[in-house]
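Single-structure report; data block below.
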């Protein structure tokens, strides 16, 4: 999974702070994190694509699972109080708890309890 970011260092910190992802490879505008997430500098992406980036386009989302979703929601609020939410912590009719928000660059993220 590759996502476009404006500031790789800030995004690297964001994904480490919230999900514990670490750098596997850092290569000139591309950074591979554990779990296979790739961060690509927005300028590099624009050169390849030749088009503008549309943040918060809501066409896809990154999905993570957390056993202690309440603790995760508190950590998110504490570390990134300015984060833009789609929905704060809620419970679906089937019992799964989820929170949806945008990362620093408008990439949609959903974090939910494991579905059993």
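In the numbering used here, the protein residues as written are 855 to 970. C-beta: ideal position from N, C-alpha, C; glycine also.
task = Run the CB neighbour count on residue 913, radius 10 Å, all protein chains shown included, and call it buried at 16 or more, exposed below.
result = Translated into the one-based positions of the chain shown, residue 913 becomes position 59. Residue 913 comes out exposed.
inquiry  = Cutting at 6 Å between CB atoms, please list the residues of its own chain near residue 856, excluding the five before and the five after it.
reply    = Taking the first residue of the chain shown as position 1, residue 856 is located at position 2. Only 892, 894 meet the Cβ criterion.
request  = Please name the residue, chosen from 960, 958, 936, 926, that lies closest to residue 944 on a Cα-to-Cα basis.
outcome  = On the chain shown, position 90 is the one that residue 944 refers to. Closest option to residue 944, Cα to Cα, is 926.
task = Compute the Euclidean distance between the alpha carbons of residue 886 and residue 866, then round it to the nearest angstrom.
result = Here residue 886 refers to the residue found at position 32 when the chain shown is read from its first residue. Here residue 866 refers to the residue found at position 12 when the chain shown is read from its first residue. Cα-Cα distance, rounded: 10 Å.
task = Quick one: residues in its chain with C-beta nearer than 8 Å to the C-beta of residue 921, no 5 flanking neighbours on either side, listed in chain order?
result = The sequence position of residue 921 within the chain shown is 67, counting from 1. Cβ within range, chain order: 967, 968.
message = On the DSSP letters alone, give me the boundaries of the beta strand (DSSP E) that residue 881 sits inside.
response = The sequence position of residue 881 within the chain shown is 27, counting from 1. 877 to 881 is the span of the beta strand (DSSP E), which, as asked, contains residue 881.
query = On the three-state DSSP scale, how would you describe residue 945?
reply = Position 91 of the chain shown, counted from the first residue, corresponds to residue 945. Three-state DSSP puts residue 945 in a strand.
task = Work out the CA separation of residue 902 and residue 953 for me, nearest whole Å.
result = If you number the chain shown from 1, residue 953 lands on position 99. If you number the chain shown from 1, residue 902 lands on position 48. Approximately 33 Å between the Cα atoms of the pair.
message = Quick check: the Cα distance between residue 880 and residue 908, rounded to an integer number of angstroms?
response = For this step, residue 880 is matched to residue 26 along the chain shown. For this step, residue 908 is matched to residue 54 along the chain shown. Whole-angstrom Cα-Cα distance: 24 Å.
message = Quick check on the DSSP output: what are the complete alpha helix (DSSP H) runs of length 4 or more inside the segment 891 to 950, in order along the chain?
response = 896 to 903, 923 to 933
inquiry  = Once DSSP output is grouped into helix, strand and coil, what is the label at residue 958?
reply    = For this step, residue 958 is matched to residue 104 along the chain shown. Coil at residue 958, not helix or strand.
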